[in-house]
């Protein structure tokens with residue numbers, strides 16, 4: 010039975026259930042920062058997924074990345090799987106712009122999160138869901 | 010014709026030619042930091058690769074990650090594709106330990122690179138090549 014790590018649950022909003030992953034939005038309005046969490050509670054590394062699951066992960070990552078490009082003014086996508094603080098396997102998909110507060114550095118460990126207003130997070134989640142529905146195959 | 014970005018060429022050592030990617034070792038002995046560069050000079054994002062190429066990339070990433078675990082005392086792998094400074098598509102596979110100088114933060118943007126001795130880099134590259142040969146399929 011999959012259980013989302015409490016820290017991930019506290020810091021993110023639910024967006025969608027994809028085939029392998031839960032898609033979440035990090036509550037930090039500085040950048041559009043989505044997180045894919047494979048529903049495999051005990052895993053910590055991408056290479057612990059089966060080959061088919063790894064292919065599904067990169068596929069879902071690319072769908073989300075293209076959606077981030079569609080719904081935000083970003084011009085670069087940053088992907089990453091770190092897990093140094095929260096070990097449960099999770100995968101970051103982040104839209105970057107040259108005027109975001111961390112550019113050109115990484116967003117991890119950069120400044121403190123700035124929470125969304127309820128309206129702003131709901132709007133971004135709705136936009137993401139709409140694009141994902143349109144690109145579903 | 011694939012051309013490695015001059016900055017990547019200057020900062021890394023050649024390790025191996027995999028099916029999709031050139032594998033390189035970053036000249037920074039603080040952490041075992043390998044870089045996969047798909048031989049597609051003009052691309053900047055993972056989702057610009059074909060679906061098959063994305064599957065090959067994650068496969069090569071996992072092979073390298075498992076090899077890093079085999080040849081170094083790391084207990085966590087960090088993966089990432091940023092490209093904020095060098096836009097040519099490249100993929101990081103980094104072995105982390107709790108006593109490395111950047112832990113638990115990201116390695117990108119952390120401190121300055123500490124070059125390997127010629128012996129140390131040659132030894133690490135030889136170890137990586139040996140493990141990759143043994144796990145080739």
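Residue numbers (my numbering), protein chains in the order written: chain A, 10 to 146; chain B, 10 to 146.
Glycine included, each C-beta is placed from N, C-alpha and C at the ideal position.
These numbers were taken from a predicted model, which means no experiment stands behind them.
Which residues DSSP lists as bridging residue i, in chain order
i	result
residue 84(B)	Residue 84(B) is not bridged to any residue.
residue 187(B)	Since the displayed chain B opens at 10 and closes at 146, residue 187(B) lies outside it and no answer follows.
residue 102(A)	43(A), 88(A)
residue 21(B)	35(B)
Per-residue burial, residue i [other beta carbons within 10 Å of its own, 16 or more giving buried]
i	result
residue 41(B)	buried
residue 90(A)	buried
residue 104(A)	buried
residue 74(B)	buried
residue 109(A)	buried
residue 47(A)	buried
residue 92(B)	buried
DSSP state of residue i mapped onto helix, strand, coil
i	result
residue 68(A)	helix
residue 110(B)	coil
residue 121(A)	coil
residue 130(A)	helix
residue 56(A)	helix
residue 10(B)	coil
residue 61(A)	helix
residue 97(A)	coil
residue 51(B)	coil
residue 116(A)	coil
* Proximal residues, the segment 29-49 of chain A versus chain B, C-beta separation under 9 Å -> Under the 9 Å Cβ criterion, the segment 29-49 of chain A contributes no residue.
* **Chain-ordered residues of the segment 73-92 of chain B with a beta carbon less than 8 Å from chain A** => Taking 8 Å as the Cβ-Cβ cut-off against chain A, the residues of the segment 73-92 of chain B that qualify are 74, 75, 85, 86, 87, 88, 89, 90, 91, 92.
* To do: Check whether the segment 63-75 of chain A touches the segment 56-75 of chain B, taking contact to mean three or more Cβ pairs, one atom from each stretch, closer than 8 Å.
  => Contact between the segment 63-75 of chain A and the segment 56-75 of chain B is established, with three or more Cβ pairs separated by less than 8 Å.
* **Any 3 or more C-beta pairs closer than 8 Å across the segment 136-145 of chain A and the segment 31-46 of chain B** => Three or more beta-carbon pairs separated by less than 8 Å are not found between the segment 136-145 of chain A and the segment 31-46 of chain B, which leaves the two stretches without contact.
* Asked: Are at least three pairs of beta-carbons, each pair with one atom in the segment 77-97 of chain B and one in the segment 112-120 of chain B, less than 8 Å apart?
  -> Yes, the segment 77-97 of chain B touches the segment 112-120 of chain B.
* Report yes or no: do three or more beta-carbon pairs, one from the segment 121-136 of chain A and one from the segment 15-30 of chain A, lie closer than 8 Å? => As far as the Cβ criterion goes, the segment 121-136 of chain A touches the segment 15-30 of chain A, which means the pair count is three or higher.
* Of the residues that make up the segment 48-69 of chain A, which ones have a beta carbon closer than 8 Å to any beta carbon in chain B? -> So the close ones are 53, 54, 55, 56, 60, 63, 64, 66, 67, 68.
* In the segment 106-121 of chain A, which residues sit with their C-beta less than 7 Å from some C-beta in chain B, listed in chain order? -> Within the segment 106-121 of chain A, 112, 113, 114, 115, 117, 118 place their CB atoms closer than 7 Å to a CB of chain B, listed in sequence order.
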